[in-house]
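Asker:
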Amino acid sequence: MSDSKPHDPNQMTGAAMIVRALADHGVKHIFGYPGGAVLPIYDEIYQQSEVEHILVRHEQGAGHAAEGYARSTGLPGVVLVTSGPGATNMVTPLADALMDSIPLVCITGQVPTHLIGNDAFQECDTVGITRPCTKHNWLVRDVNDLAKVLHEAFYVATTGRPGPVVVDVPKDVQFATGTYHPPRKSDVHISYSPRVKGDANAIRKAVSLLAGAKKPIIYSGGGVINSGLAASKLLRELVEVTGFPITSTLMGLGAYPASGPNWLGMLGMHGTYEANMAMHDCDVMLCVGARFDDRITGRTDAFSPNSKKIHIDIDPSSINKNIRVDIPIIGDCGNVLGDILQVFKSEAKKPDTKDWWKTIATWRARNSLAYKTNNDVILPQYAIQRLFEATRGHDTYITTEVGQHQMWAAQFFGFEEPHRWMTSGGLGTMGYGLPAALGVQVAHPDSLVIDIGGDASVQMTMQEMSAAVQHELPIKIFILNNQYMGMVRQWQQLLHGNRLSHSYSEALPDFVKLAEAYGGVGFQCSKPGDLDGALQEMIKVKKPVLFDCRVAALENCFPMIPSGKAHNEMLLPLEANDEATAAAFAGGKALV
Amino acid sequence: MEQPASAYFMEERHDPNETHTLTVLVANEPGVLARVIGLFSGRGYNIESLTVSETESHKHVSRITIVTTGTPMVITQIKHQLDRMIPVHRVVDMTLTGRSIERELAMVKLRGTGEHRVEALRLAEAFRARVIDATIESFVFEITGNTGKINQFIDLMRPLGLVEISRTGVAAISRGPEGM
Chain A
283 MSDSKPHDPN
293 QMTGAAMIVR
303 ALADHGVKHI
313 FGYPGGAVLP
323 IYDEIYQQSE
333 VEHILVRHEQ
343 GAGHAAEGYA
353 RSTGLPGVVL
363 VTSGPGATNM
373 VTPLADALMD
383 SIPLVCITGQ
393 VPTHLIGNDA
403 FQECDTVGIT
413 RPCTKHNWLV
423 RDVNDLAKVL
433 HEAFYVATTG
443 RPGPVVVDVP
453 KDVQFATGTY
463 HPPRKSDVHI
473 SYSPRVKGDA
483 NAIRKAVSLL
493 AGAKKPIIYS
503 GGGVINSGLA
513 ASKLLRELVE
523 VTGFPITSTL
533 MGLGAYPASG
543 PNWLGMLGMH
553 GTYEANMAMH
563 DCDVMLCVGA
573 RFDDRITGRT
583 DAFSPNSKKI
593 HIDIDPSSIN
603 KNIRVDIPII
613 GDCGNVLGDI
623 LQVFKSEAKK
633 PDTKDWWKTI
643 ATWRARNSLA
653 YKTNNDVILP
663 QYAIQRLFEA
673 TRGHDTYITT
683 EVGQHQMWAA
693 QFFGFEEPHR
703 WMTSGGLGTM
713 GYGLPAALGV
723 QVAHPDSLVI
733 DIGGDASVQM
743 TMQEMSAAVQ
753 HELPIKIFIL
763 NNQYMGMVRQ
773 WQQLLHGNRL
783 SHSYSEALPD
793 FVKLAEAYGG
803 VGFQCSKPGD
813 LDGALQEMIK
823 VKKPVLFDCR
833 VAALENCFPM
843 IPSGKAHNEM
853 LLPLEANDEA
863 TAAAFAGGKA
873 LV
Chain B
301 MEQPASAYFM
311 EERHDPNETH
321 TLTVLVANEP
331 GVLARVIGLF
341 SGRGYNIESL
351 TVSETESHKH
361 VSRITIVTTG
371 TPMVITQIKH
381 QLDRMIPVHR
391 VVDMTLTGRS
401 IERELAMVKL
411 RGTGEHRVEA
421 LRLAEAFRAR
431 VIDATIESFV
441 FEITGNTGKI
451 NQFIDLMRPL
461 GLVEISRTGV
471 AAISRGPEGM
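Chain order of the listed sequences is A and B.
If you count the first sequence from 1, you need to add 282 to reach the working numbering.
If you count the second sequence from 1, you need to add 300 to reach the working numbering.
Here it is, written out as structure tokens:
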């Protein structure tokens, strides 16, 4: 080491490389929690201002916050956690992001390379533990590999079907000095090249099927959201050009506006009657960026028995996994939709679907989302409807926890734009919504961000209220409090002889005092007549809020396709008396 | 030398690496191979070669032969880690017994005509490799032997039009009348 040698700006420690790579990838915010094995990285973060660090209260909170951030912006969410418990606490968000195709880059500290395998303090086999719940992961043993791996991590997380990745960096690699290089093409495995453009032949065949359809339906999913704003625009244009009815999965809400004329509502287990019946009776189904999940299909051998199916997906393994399709098109939703539109416009004309719309109107007339109104207690459906009305005119983002309130939110909150709806669909993670809201608020500091929660879910990650207060993130936690794990209770009522085993929370915190204890603001409302006023007050508050909305305790979520039944065997709300319910659930136990 | 501030920075002792062949008898149940491989990747051990096949189907026992490298301490640790896995019946260090036979099978594809072809056949005979497929412009040789012999054969074939190699990895068994 002689002083006369010119200083190479690309020579730096591993820790510095990490922060530099984040900046090179345009990362403005990361979510994390320090610990022994990431201290060198935290030291680098301290000495710069390009990347802002949001300190959470539990690593799971960091993960879900990054998911919310990613889903509301279309950018990758970045997480930094320490080795051992830091990494294991990240497992739930990683699995969640994998299921819902959310791009996350998670950097974990690891014990120094020479201690790996020795059961060192705060050591765990991070790469082994996270292998099944990431799209890919790396353990970096040499500081000179670090830049390449970090760039590849961003590429893998954000391209193709997006997903979470983990880069595990031992502490000695963080201290070691090596050569950094900016992102370049050769950083990526040559074995990884996701297909973006759809096969022209398949697209032509798809268009001729669509053009000849008498009873068509478009079934869109989260892939359209992931593909970017252009994909949602193209989807809307396709609906307009074809005049087809459209439904969507939970993950796809907002790609087509809920106020649009062709919207049938969400489909699936708690979807609308018209959406599910149209799926069952259609003759041509166009599935865009969805994966025929079991909550969507119900009984697979009775799923849409008489239709020709077109499936657009960027992930070849999604094709023919659950449902056999006639025309698979592997490619990016936006790209393929663009091609389909172009061919359709030049070669086909709008099919006549008048009769089909008439049939749909009769299904719609069943009013499958109806509920009995009540002047004394707040019904959860009413609460969501009023919340939706109260937020009109605001720049609103909604996150949810998991359970009945999540389904009611999906049914009764109208989403007009993509990226406005953050929910844990595939994994169904209770505790997702509060930290996700935190992440959304970081990305959109001036917007109205509301977590629609349940009293049980929200307590799983309640500690992040403290993070919200610290970072002045005015998230609104709107709790539909029925004192039950409502969805668990609903299944116990329907399938387990009404034996309500451990689904009642005997003790709940006083949410108003809890909010105040954290330094936020608490509201409580139990009268339908007071709700609108209280909601207006909540929206005005520029601090984190816990809103304890006391709702009817025993309300259940309908309509419902009992698990393992077909789309045309729905149980409707006003018809769900004891006899109909018993009949619907007769013939065995639901498996999931 | 300055004393490191934390145990994290104590340097590893660098004893020379040794290569050992381990035979592992395991219950043939789903996921058992993943457990064994996960142990190696999770704890940072090396795998030079790994072969696995059911050997006693009536007892549902599979035999895994692993060639690994590491310091004597690491090799001992690998054996202990393998032995404490629930589906592992036995771990035997074939290298320590000093009485083991190791064999590997390779299939080697060559493409060429004229002089190269003749030379390849001549060498194959010297190595007791058999021709198991032939066209007018190619051969596939089958060769068995220890790893060194196969490496040597492949090196000799390289300039003669080597196209492709498929190797089984090492299988090992002890000499003498006793079973393990």
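Backbone N, C-alpha and C fix where the C-beta goes; we use that ideal spot for every residue, glycine too.
1) Looking at the unbroken beta strand (DSSP E) that takes in Cys807/A, where does it start and where does it end?
2) DSSP on Phe439/B, reduced to helix/strand/coil?
3) The segment 324–342 of chain B: which residues have C-beta closer than 8 Å to a C-beta of chain A, in chain order?
4) Compute the Euclidean distance between the alpha carbons of Phe867/A and Val391/B, then round it to the nearest angstrom.
5) Given Tyr474/A, which residues of its chain have a CB within under 7 Å of its CB, disregarding the five upstream and five downstream residues?
6) State yes or no: is the beta carbon of Asp595/A nearer than 9 Å to at least one beta carbon in chain B?
7) Can you find the residues in the same chain that come closer than 6 Å, C-beta to C-beta, to Asn764/A, ignoring five residues on each side of it along the sequence?
8) Can you find a C-beta in chain B that's less than 9 Å from the C-beta of Ile398/A?
9) Cα separation between Arg423/A and Arg302/A?
10) When the Cα of Leu776/A is compared with those of Pro756/A, Leu853/A and Gly445/A, which residue comes out closest?
11) Going by CA-CA distance only, name the one from Gln330/A, Trp638/A, Arg674/A and Arg702/A that's closest to Ser354/A.
12) Hey, is Ser599/A close to the ligand MN, as in C-beta under 8 Å from one of its heavy atoms?
13) Using beta-carbon positions only, say whether Thr365/B and Ile375/B come within less than 9 Å of one another.
14) My understanding is that Gly359/A touches Ile596/A, with C-beta atoms under 8 Å, so please give their C-beta distance in whole angstroms.
15) Excluding five sequence neighbours on each side, which residues of the same chain lie with their C-beta closer than 8 Å to the C-beta of Ala488/A?
16) According to DSSP, is Ala736/A part of a helix, a strand, or is it coil?
17) Taking all protein chains shown into account, do 16 or more other C-beta atoms lie within 10 angstroms of the C-beta of Lys496/A, making it buried, or fewer, making it exposed?
18) Which residues mark the beginning and the end of the beta strand (DSSP E) in which Thr682/A is found?
19) Give the straight-line distance between the Cα atoms of Asp792/A and Gly815/A, rounded to the nearest whole angstrom.
20) Less than 9 Å between the beta carbons of Ser731/A and Ile761/A, yes or no?
21) Got a sec: which bits of the segment 409–426 of chain A sit with their beta carbon under 9 Å from any beta carbon on chain B, in order along the chain?
22) Suppose you measure from the CA of Met767/A to the CA of Ala738/A; what does that come to, to the nearest Å?
23) Leaving out five residues before and five after Glu419/B in sequence, what residues of the same chain have Cβ atoms less than 8 Å from its Cβ?
24) Does DSSP put His562/A in a helix, a strand or coil?
25) Using 9 Å as the threshold, is the C-beta distance between Val448/A and Cys388/A below it?
26) Assuming Leu817/A and Gly804/A are in contact, meaning their beta carbons sit under 8 Å apart, how far apart are those beta carbons, in whole angstroms?
27) Any beta carbon from chain A within less than 9 Å of Ala472/B's own beta carbon?
28) With DSSP as the reference, identify every bridge partner of Tyr501/A, one or two as the case may be.
29) What separation, rounded to the nearest whole angstrom, lies between the Cα atoms of Gly801/A and Ala647/A?
30) For Leu828/A, tell me which candidate among Gln293/A, Ala848/A, Glu837/A and Pro756/A has the shortest Cα-Cα distance.
31) In the DSSP assignment, what are the bridge partners of Thr444/B?
32) What are the boundary residues of the beta strand (DSSP E) that His499/B is part of?
33) Give me the chain B residues within the contact set of Asp658/A, using Cβ-Cβ distance strictly less than 8 Å, ordered along the chain.
34) Does Phe838/A pass the burial test, meaning 16 or more other C-beta atoms within 10 Å, or should it be called exposed?
35) How about Gly398/B: is its C-beta nearer than 9 Å to some C-beta of chain A?
36) Counting only beta-carbon atoms, is Gln452/B nearer than 9 Å to chain A?
Answerer: A quick look at the data gives this:
1) Here residue 807/A refers to the residue found at position 525 when the first sequence is read from its first residue. Start and end: Val803 to Cys807.
2) Here residue 439/B corresponds to residue number 139 of the second sequence, with the count starting at 1. Note: Phe439/B maps to strand in three-state DSSP.
3) If the cut-off is 8 Å between Cβ atoms, the segment 324–342 of chain B has Gly338, Ser341 and Gly342 near chain A.
4) The residue labelled residue 867/A in the question sits at position 585 within the first sequence. The residue labelled residue 391/B in the question sits at position 91 within the second sequence. Within the model, the alpha-carbon separation for Phe867/A versus Val391/B is close to 53 Å.
5) The residue labelled residue 474/A in the question sits at position 192 within the first sequence. Short of 7 Å from the beta carbon of Tyr474/A, and not among the five residues preceding or following it, lie these beta carbons of its own chain, in chain order: Val438.
6) Taking the first sequence and counting its residues from 1, one reaches residue 595/A at position 313. It does not: the Cβ of Asp595/A has no partner Cβ on chain B nearer than 9 Å.
7) Residue numbering aside, residue 764/A sits at position 482 when the first sequence is read from its first letter. Cβ within range, chain order: Val833 and Ala835.
8) As a position in the first sequence, residue 398/A is number 116, starting the count at 1. At least one C-beta of chain B is nearer than 9 Å to the C-beta of Ile398/A.
9) Locating residue 423/A in the first sequence gives position 141, where the first residue counts as 1. Locating residue 302/A in the first sequence gives position 20, where the first residue counts as 1. Answer to the nearest angstrom: the Cα atoms are 19 Å apart.
10) Working through the first sequence from its first residue, we reach residue 776/A at position 494. For the residues Pro756/A, Leu853/A and Gly445/A, the minimum Cα distance to Leu776/A belongs to Leu853/A.
11) As a working mapping, residue 354/A is identified with position 72 in the first sequence. For the residues Gln330/A, Trp638/A, Arg674/A and Arg702/A, the minimum Cα distance to Ser354/A belongs to Arg702/A.
12) As presented, the structure is devoid of all ligands, the ligand MN included, so that no description of it is given.
13) One-based indexing of the second sequence puts residue 365/B at position 65. One-based indexing of the second sequence puts residue 375/B at position 75. No. Outside cutoff.
14) Here residue 359/A refers to the residue found at position 77 of the first sequence. Here residue 596/A refers to the residue found at position 314 of the first sequence. Cβ atoms of Gly359/A and Ile596/A stay farther apart than 8 Å, at about 19 Å.
15) Stepping through the first sequence from its first residue, residue 488/A is reached at position 206. The residues are Leu568, Ile592, Ile609, Ile611 and Ile622.
16) One-based indexing of the first sequence puts residue 736/A at position 454. Before going further, note that residue 736/A is Gly rather than Ala in the sequence given. Of the three classes helix, strand and coil, the one that applies to Gly736/A here is strand, per DSSP.
17) Taking the first residue of the first sequence as 1, we reach residue 496/A at position 214. It is exposed - the Cβ of Lys496/A has fewer than 16 other Cβ atoms within 10 Å.
18) The residue labelled residue 682/A in the question sits at position 400 within the first sequence. For Thr682/A, the uninterrupted beta strand (DSSP E) segment begins and ends at Thr678 to Thr682.
19) The count along the first sequence starts at 1 and reaches residue 792/A at position 510. The count along the first sequence starts at 1 and reaches residue 815/A at position 533. The straight-line gap from Cα to Cα measures roughly 21 Å.
20) For the purposes of this step, residue 731/A is identified with residue 449 of the first sequence, where counting begins at 1. For the purposes of this step, residue 761/A is identified with residue 479 of the first sequence, where counting begins at 1. The question names Ser, yet the displayed sequence has Val at residue 731/A. Result no, Cβ atoms of Val731/A and Ile761/A do not sit closer than 9 Å.
21) Answer set for the segment 409–426 of chain A: Val409, Gly410, Ile411, Arg413, Leu421 and Arg423.
22) Translated into positions along the first sequence, residue 767/A becomes position 485. Translated into positions along the first sequence, residue 738/A becomes position 456. Whole-angstrom Cα-Cα distance: 6 Å.
23) Looking up residue 419/B in the second sequence gives position 119. Excluding residues within five positions, the ones whose Cβ falls inside 8 Å are Leu460.
24) Position 280 of the first sequence holds residue 562/A. Under the three-state reduction of DSSP, His562/A is assigned to helix.
25) Residue 448/A sits at position 166 when you count from the first residue of the first sequence. Residue 388/A sits at position 106 when you count from the first residue of the first sequence. Val448/A is a Cβ neighbour of Cys388/A, given a cutoff of 9 Å.
26) Start at 1 with the first residue of the first sequence, and residue 817/A comes out as number 535. Start at 1 with the first residue of the first sequence, and residue 804/A comes out as number 522. With a Cβ gap of about 14 Å, Leu817/A and Gly804/A do not count as contacting.
27) As a working note, residue 472/B is residue 172 in the second sequence. No - not a single Cβ of chain A is within 9 Å of the one on Ala472/B.
28) As a first step, residue 501/A is located in the first sequence; it is residue number 219 there, counting from the start. Answer by DSSP bridge pairing, in chain order: Thr529/A and Cys569/A.
29) The residue you call residue 801/A lines up with position 519 of the first sequence. The residue you call residue 647/A lines up with position 365 of the first sequence. Distance between the alpha carbons of Gly801/A and Ala647/A is about 48 Å.
30) Start at 1 with the first residue of the first sequence, and residue 828/A comes out as number 546. When each option's Cα is compared against that of Leu828/A, the closest is Pro756/A.
31) Taking the first residue of the second sequence as 1, we reach residue 444/B at position 144. Thr444/B pairs with Leu405/B.
32) Because chain B here runs from 301 to 480, residue 499/B falls outside it and cannot be looked at.
33) Looking up residue 658/A in the first sequence gives position 376. Ordered by position in chain B, no residue passes the 8 Å Cβ test against Asp658/A, which lies about 56 Å from the chain.
34) Reading the first sequence from its first residue, position 556 is the one you call residue 838/A. As written in the sequence, residue 838/A is Asn, which differs from the Phe given in the question. A buried status is given to Asn838/A, since no fewer than 16 other beta-carbon atoms sit within 10 Å of its beta-carbon.
35) Indexing the second sequence from 1 puts residue 398/B at position 98. Residue-level contact check: Gly398/B does not touch chain A, since none of the beta carbons of chain A fall below 9 Å from its beta carbon.
36) As a working mapping, residue 452/B is identified with position 152 in the second sequence. It does not: the Cβ of Gln452/B has no partner Cβ on chain A nearer than 9 Å.
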